[in-house]
Amino acid sequence: MPSDTRFTLGTVGLIAALAGATGFALGRFTGDGGTAQLQTAQPEPTRDTVPLGAPQPAAPAPQADQMPPGHPPVDPNTAPPPMPPRDENAPRSLAWTKPAAWSDAPNASAMRIATFKAPLAAGDKVAPEMTVMQAGGSLDANIDRWAGQFGDEGKASLKRESRTLAGYEAVVVSARGPYGGMSGEVKAGETYALLAAIVMTPDMPYFFKMTGPVKSVEAARKDFEALLTSFKKP
Numbered sequence: 004m005p006s007d008t009r010f011t012l013g014t015v016g017l018i019a020a021l022a023g024a025t026g027f028a029l030g031r032f033t034g035d036g037g038t039a040q041l042q043t044a045q046p047e048p049t050r051d052t053v054p055l056g057a058p059q060p061a062a063p064a065p066q067a068d069q070m071p072p073g074h075p076p077v078d079p080n081t082a083p084p085p086m087p088p089r090d091e092n093a094p095r096s097l098a099w100t101k102p103a104a105w106s107d108a109p110n111a112s113a114m115r116i117a118t119f120k121a122p123l124a125a126g127d128k129v130a131p132e133m134t135v136m137q138a139g140g141s142l143d144a145n146i147d148r149w150a151g152q153f154g155d156e157g158k159a160s161l162k163r164e165s166r167t168l169a170g171y172e173a174v175v176v177s178a179r180g181p182y183g184g185m186s187g188e189v190k191a192g193e194t195y196a197l198l199a200a201i202v203m204t205p206d207m208p209y210f211f212k213m214t215g216p217v218k219s220v221e222a223a224r225k226d227f228e229a230l231l232t233s234f235k236k237p
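In the numbering used here, the protein residues as written are 4 to 237.
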């Protein structure tokens, strides 16, 4: 055999190793039927390589040391507590005595402290109603709003008188006209009257507001004055 075709044992081993590696690679590219199938290793998904449309991980809840300075502690597992209801037994800055002729009535609103009904005058069909509540807002704004519930006639007939009741500044208000109520939609019809008092107590003003047919409200004026006289500090 010519010298250029001789192979050493080491050379034969190297050729065999290369041939085996090549066959293994070809096997990775060849599937059933001889169709080439390229198989590549898939990288592990990271935060930056999450497939489009896949659920995104939730942002971590802020830690206590990440909150703004002075922010109260936040527990992400609890909802904010609801506002506490008004305590009907809480101390008040004004007390009064209901006139004997008046009757108690259900409060139509949670804002009301009390609701009274005065007697009907002859010929009237609706008993005057006295509501008692505490609310904010300026004195003039509330008086103007009340007068506006009686339309232009109510604004023209509005009267106000400053008094001192139970040591507090107070204003007594009266007006009359077609009554539109809280809706403000004044309709032509029976003329109603307003007889009210606003007492400026330190915590929040008290509003005593009577509305009803003119004759019945005028008949209740004496009891209304007795109510104001009964005001006292608890």
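All C-beta atoms in this analysis are idealised placements derived from N, C-alpha and C, irrespective of residue type, glycine included.
Item to check | Through-space distance from A159 to A229, alpha-carbon basis | outcome: 27 Å
Item to check | Local conformation of T100 per DSSP, three classes | outcome: Secondary structure at T100: coil, using DSSP grouped into helix, strand and coil.
Item to check | From E164, P181, S141 and K120, residue whose alpha carbon lies closest to that of D155 | outcome: Comparing alpha-carbon positions, the option among E164, P181, S141 and K120 lying closest to D155 turns out to be P181.
Next on the checklist: For M114, count the other beta carbons within 10 Å of its own beta carbon; 16 or more makes it buried, fewer makes it exposed. Which is it?
Outcome noted: exposed
Checklist entry - Out of curiosity, what's the CA-to-CA distance linking I201 and K162? => result Straight-line Cα distance between these residues: approximately 13 Å.
Next on the checklist: At the level of alpha carbons, what is the spacing between D143 and K128?
Outcome noted: 32 Å
Next on the checklist: Output needed for D226: all residues of its chain with C-beta closer than 7 Å, excluding positions within five of it in sequence on either side, in chain order.
Outcome noted: P102, A104, W105 and A121
Checklist entry - Quick one: what does DSSP say V1 is sitting in, helix, strand or coil? => result Examination of residue 1 is not possible in this model, given that the chain is present from 4 through 237 alone.
Item to check | Proximity of S96 and K236 at Cβ, strictly below 8 Å | outcome: yes
Item to check | Residues sharing a beta bridge with S106, DSSP | outcome: K120
Next on the checklist: Can you find the residues in the same chain that come closer than 6 Å, C-beta to C-beta, to I116, ignoring five residues on each side of it along the sequence?
Outcome noted: These residues qualify, in order along the chain: V135 and M136.
Next on the checklist: For G170 and E193, what's the separation of their Cα atoms in angstroms?
Outcome noted: 37 Å
Item to check | Same chain only: Cβ atoms within 6 Å of A98, ignoring 5 sequence neighbours per side | outcome: K235 and P237
Item to check | Among M133, V174 and G183, nearest to Q152 - alpha-carbon criterion | outcome: From the listed residues M133, V174 and G183, the smallest Cα separation to Q152 is found for G183.
Checklist entry - With DSSP run on the structure shown, which of helix, strand or coil describes K162? => result In the structure shown, K162 sits in a strand (DSSP, three-state: E or B).
Item to check | Run of the alpha helix (DSSP H) containing S219, from where it starts to where it stops | outcome: Segment V217 to A222, the alpha helix (DSSP H) holding S219.
Checklist entry - Quick one: Cα of L197 to Cα of G126, how far? => result Near 19 Å, if we compare the C-alpha coordinates of G126 and L197.
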